[in-house]
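For the sequence shown, my numbering assigns the number 1 to the initial residue and increments by one for each residue that follows. Glycine included, C-beta positions come from ideal geometry on N, C-alpha and C. Below: one structure, written as structure tokens.
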Amino acid sequence: IKHQIRVHFGFGLSCPILGDHKYSHLDKLAPQKLQSDLLQRLHVRQSKVRHIPMHIYARSIFIPQYKDGRNLFVMAPMPIHMSKNLQRLKFKK
1 IKHQIRVHFG
11 FGLSCPILGD
21 HKYSHLDKLA
31 PQKLQSDLLQ
41 RLHVRQSKVR
51 HIPMHIYARS
61 IFIPQYKDGR
71 NLFVMAPMPI
81 HMSKNLQRLK
91 FKK
């Protein structure tokens with residue numbers, strides 16, 4: 001299902017992914033409404049929240065028997081915007 005993780009976080013857990021404006025509201029498509037302390041730590045005003053990129057990331061992906069019976073393993077670094085915001089939120093040193 002397309003966007004399954006985003007839907008589960010946004011609607012199933014009522015915990016939308018930061019920057020996911022599509023699945024932050026049940027009845028409308030609008031920028032997320034963030035708490036004032038979060039806005040301060042991210043150094044952003046509520047009027048600019050729509051510019052926050054989505055904070056979803058897969059460090060690695062494994063695809064078994066991708067080509068000619070061989071497995072494919074791909075690793076990716078964390079996006080810079082996400083790393084910086086994790087530092088601002090004190091989730092990362």
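Contact check, residue i vs residue j under 8 Å by CB: the rounded distance?
i      : j      : result
Lys-22 : Leu-29 : 6 Å
Gln-46 : Leu-39 : 6 Å
Quick one: give me the first and last residue of the beta strand (DSSP E) that residue i is part of.
i      : result
Lys-34 : Per the sequence presented here, residue 34 reads as Leu, with Lys not at that position. Premise fails: Leu-34 is in no beta strand (DSSP E) and is neither H nor E.
What are the boundary residues of the alpha helix (DSSP H) that includes residue i?
i      : result
Gln-4  : 4-7
Met-82 : 80-88
Do residue j and residue i come within 7 Å of each other at the CB atom, strictly closer than that value?
i      : j      : result
Asp-20 : Met-54 : yes
Arg-95 : Leu-89 : Residue 95 falls outside the range modelled here, since the chain spans only 1 to 93, and no answer is possible.
Val-49 : Gln-32 : yes
Phe-9  : Ile-17 : yes
Asn-71 : Pro-64 : yes
Phe-73 : Phe-62 : yes
On a CA-only basis, which of the options is nearest residue i? Give me that one, please.
i      : options                        : result
His-3  : Val-44, Ser-47, Arg-70, Ile-56 : Ile-56
Ser-94 : Gly-69, Ser-83, Tyr-66, Pro-77 : This structure cannot settle anything about residue 94, because the visible part of the chain is limited to 1 through 93.
His-81 : Ser-24, Ile-52, Gln-46         : Ile-52
Which ranges does the beta strand (DSSP E) cover as unbroken runs of at least 3 residues, wholly within the region 51-81, from first to last along the chain?
For the region 51-81, whole beta strand (DSSP E) runs of length 3 or above, ordered along the chain, are 60-67, 70-75.
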